[in-house]
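Take a look at the structure below.
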Amino acid sequence: MNRDASDEQLASLAQQGDKEAFLALYNRYLPKVHNRVKSRVPPQDAEDVTQEAFVAVVRSLPKFERRAKFNTWLYTIVNRQIADYYRRRGKGGNPGGEVSLEDVEHTARAGLYETDSLDERGLIQKALYTLPEHYQEIILLRFADGLSFQEIAEQRGQSLDAVKSLYRRAIESLRDQVGGTIN
Amino acid sequence: MAHTERNTERDRDYDNEVAELTDAVLEGSTGTMTASAMTRDMERVIIQLRNVIDPDTPPDPGFSAQLSRRLGQEFDLLQRPNVRKWPNQRMVQLVGMAAAIIFVLGVGIFFSGSEVSSDSTSGTAFGDISVVEAIVLGVVAIGTAGVVFFLSKRQR
């Protein structure tokens, strides 16, 4: 398998029945998906939700439109699985894939987080998901996907300065949300 | 204009400082970097983000391997051709409806045909049965076919 193949090339091969191409995509995205899931669900449930996300991806593979960006499509499915996770727990949840502040608060209070990390972890998760989507995405691209600012700029078709500016505003917004509660 | 340019430059410096601070936190090299007063509170948020998302801890290898096997099986299932077996549900419904129509019409024609009608005014469209009888038979046949269709759908 060509390690330099783009996501879209691998997805296309996978759609034509190439299992190795699909597994290459899986290996490429498992850490990123796992990180994104960890940012939104309690750590003890992260593996389950990650698994459900990838199973949904393989089952939806025939529906992937090759003109779309694979990672955008993938992350849409991941967000939907996270929303389903909260919905299954009877916490409501937006069918569009956004997790409400109440969902995270309720889950945190229900003791699904480890008690000693409830305060800061819960606060950061809560604050992160009240941010506008473009702020969340820039933070996740850097922290969950591990892309450098230069790589983010290339992926988004923006200048490096614009990406850094957006990122700084996202962090400021997050800081304003959590206030002085973090030590 | 100069004031705007200074603000823009100051913003750019601040953006760069926050970006460099983030890189240092994620690389674990914050000891070599001193956050300015302006970015100290940002540093705390960045550190907490790193702790929550924990990008340095990869998925458990056992979990990765198990999931890889599961996905391989799911992928193989996806590749199985969708073989249409005959008779499928739709075919059964159509045959059932046709059979019901033919049966009812056949019974009607059979029994009306066994009666010898000497009434010359009973104009027929179908052999020995009158038009009215044929319409009634047709309605009964269609109704029977509908019942067959409904029952076969309920069995799904």
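Heads up: the protein sequence lines correspond to chains A and B, in order. Just so you know, we're using our numbering here: the first sequence kicks off at 1 and counts up by one. Just so you know, we're using our numbering here: the second sequence kicks off at 1001 and counts up by one. The beta-carbon is built from N, C-alpha and C at its ideal position, and this holds for glycine as well.
Query	Result
Identify which residue in P31(A), Y86(A), S60(A) has its Cα closest to the Cα of D1054(B).	P31(A)
What are the boundary residues of the alpha helix (DSSP H) that includes L1079(B)?	Note that residue 1079(B) is Gln in the sequence shown, not Leu. Element bounds for Q1079(B): 1061 to 1079.
Using C-beta distances below 8 Å, list every residue in its chain close to G1096(B), excluding the 5 sequence neighbours before and after it, in chain order.	A1145, V1148, F1149, S1152
Closer than 8 Å, CB to CB, is V78(A) near chain B or not?	no
Whole angstroms are fine: how far does the CA of E65(A) sit from the CA of N1007(B)?	44 Å
For S1036(B), would you say it is in contact with chain A, using Cβ-to-Cβ distances shorter than 8 Å as the test?	no
Is V178(A) near I124(A), with beta carbons less than 8 Å apart?	yes
Please check if any C-beta of chain B sits within less than 8 Å of the C-beta of N35(A).	yes
What do you reckon, are the CB atoms on I152(A) and V1018(B) nearer than 8 Å?	no
Is S60(A) helix, strand or coil when you go by DSSP?	helix
For the alpha helix (DSSP H) holding K38(A), just list the boundary residues, first then last.	19 to 38
Report the neighbours of D1011(B) on chain A: residues whose CB is nearer than 9 Å to its CB, in chain order.	S165, R168
So, for V1116(B): in the same chain, excluding its five sequence neighbours on each side, which residues have a beta-carbon less than 7 Å away from its beta-carbon?	Note that V1116(B) scores 48 on pLDDT, short of 50, meaning its location in the model is unreliable and no value can be drawn from it.
Which residues, in order along the segment 36 to 62 of chain A, keep a beta-carbon less than 9 Å from a beta-carbon of chain B?	R36, K38, S39, P43, A46, E47, T50, Q51, F54, V55, V57, V58, R59, L61, P62
Count Cβ pairs between the segment 10 to 25 of chain A and the segment 33 to 53 of chain A that sit closer than 8 Å; are there 3 or more?	no
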